[in-house]
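Peer 1: Numbering (my numbering), first residue to last: 7 to 192. Every residue, glycine too, gets a C-beta built ideally from N, C-alpha and C.
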Amino acid sequence: MSRLLLVLLLLAAAAGAVIAYRDPEQMARASDTVSDLLRQRAKAPGRTVRVVRGQSGEFALQAKINGTAAAMVVDTGATSVVLTYETAKAAGLPLELLEYDVEVQTAGGHTKAARLTLDRLAIGKLVERSVPALVVPHGQMKTNLLGMSFLDRLESWEVRADTLMLRGFPEPKLTRSDRGHGTLVE
Numbered sequence: 007m008s009r010l011l012l013v014l015l016l017l018a019a020a021a022g023a024v025i026a027y028r029d030p031e032q033m034a035r036a037s038d039t040v041s042d043l044l045r046q047r048a049k050a051p052g053r054t055v056r057v058v059r060g061q062s063g064e065f066a067l068q069a070k071i072n073g074t075a076a077a078m079v080v081d082t083g084a085t086s087v088v089l090t091y092e093t094a095k096a097a098g099l100p101l102e103l104l105e106y107d108v109e110v111q112t113a114g115g116h117t118k119a120a121r122l123t124l125d126r127l128a129i130g131k132l133v134e135r136s137v138p139a140l141v142v143p144h145g146q147m148k149t150n151l152l153g154m155s156f157l158d159r160l161e162s163w164e165v166r167a168d169t170l171m172l173r174g175f176p177e178p179k180l181t182r183s184d185r186g187h188g189t190l191v192e
């Protein structure tokens, strides 16, 4: 996204220089270039996940935590991804090494949670690595929460009517001539 903004800023500066020299033909070409870039950006297949609001009013979804399926509820009021003890155990997280020293407020009251980092958290096409998370003790919560430690990594998320759209940043592509060298292009 920052590269796109940089390109647009440079094009705007170039357009300003063209205007200063009063060359309408150059201005038209610059305008066409900006329009083409914006159209390409709009058409670019992004990593987007659509979640429909459930009957209970929540946005529930299926995630994969380190490859293990886990039901989650989107919670923008949660600072972090929060996992139940049972989900963390199923995902093979090192529960015996955790220290429950983080005060948290749950629907059931106050409890302590343990910090950890998820190697991989995937929701459809959206995959994030090294995601900070919390785990609550056994029996303290019934639902895993998809909080801001995941949502903040997305390009955007929005709710329209009864649909939540989660949009990831486009994946960088390798140029054909540079595939062996790993050169990234946008």
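Can you tell me where the beta strand (DSSP E) holding ALA120 begins and where it ends?
Peer 2: 115–129
Peer 1: Can we say the stretch 106–124 touches the stretch 57–70, given the rule of at least three CB pairs closer than 8 Å?
Peer 2: no
Peer 1: Grab the span of the alpha helix (DSSP H) containing MET147 for me, first residue to last.
Peer 2: Element bounds for MET147: n/a, residue is neither H nor E.
Peer 1: How many Å lie between GLY83 and LEU152 at the Cα?
Peer 2: 10 Å
Peer 1: Output needed for SER162: all residues of its chain with C-beta closer than 7 Å, excluding positions within five of it in sequence on either side, in chain order.
Peer 2: ARG173
Peer 1: Within 10 Å of its beta-carbon, does GLN146 have 16 or more other beta-carbons around it, so buried, or fewer, so exposed?
Peer 2: buried
Peer 1: Beta strand (DSSP E) containing LEU132: first to last residue?
Peer 2: 132–141
Peer 1: Could you name the residues of the same chain whose beta carbon sits closer than 8 Å to that of LYS49, not counting the 5 residues immediately before and after it, in chain order?
Peer 2: Residue confidence for LYS49 is low, a pLDDT of 47 falling below 50, so the modelled location carries little weight; the figure read from the coordinates is stated next. Nothing listed; no residue qualifies.
Peer 1: Is THR93 helix, strand or coil when you go by DSSP?
Peer 2: helix
Peer 1: Looking at the structure shown, is LEU99 part of a helix, part of a strand, or coil, going by DSSP?
Peer 2: Collapsing the DSSP output to three states places LEU99 in coil.
Peer 1: Going by Cα to Cα distance, which pick from ARG35, ARG56, ASP38 is closest to ARG166?
Peer 2: Proximity to ARG166 across ARG35, ARG56, ASP38 peaks at ARG56, based on C-alpha coordinates.
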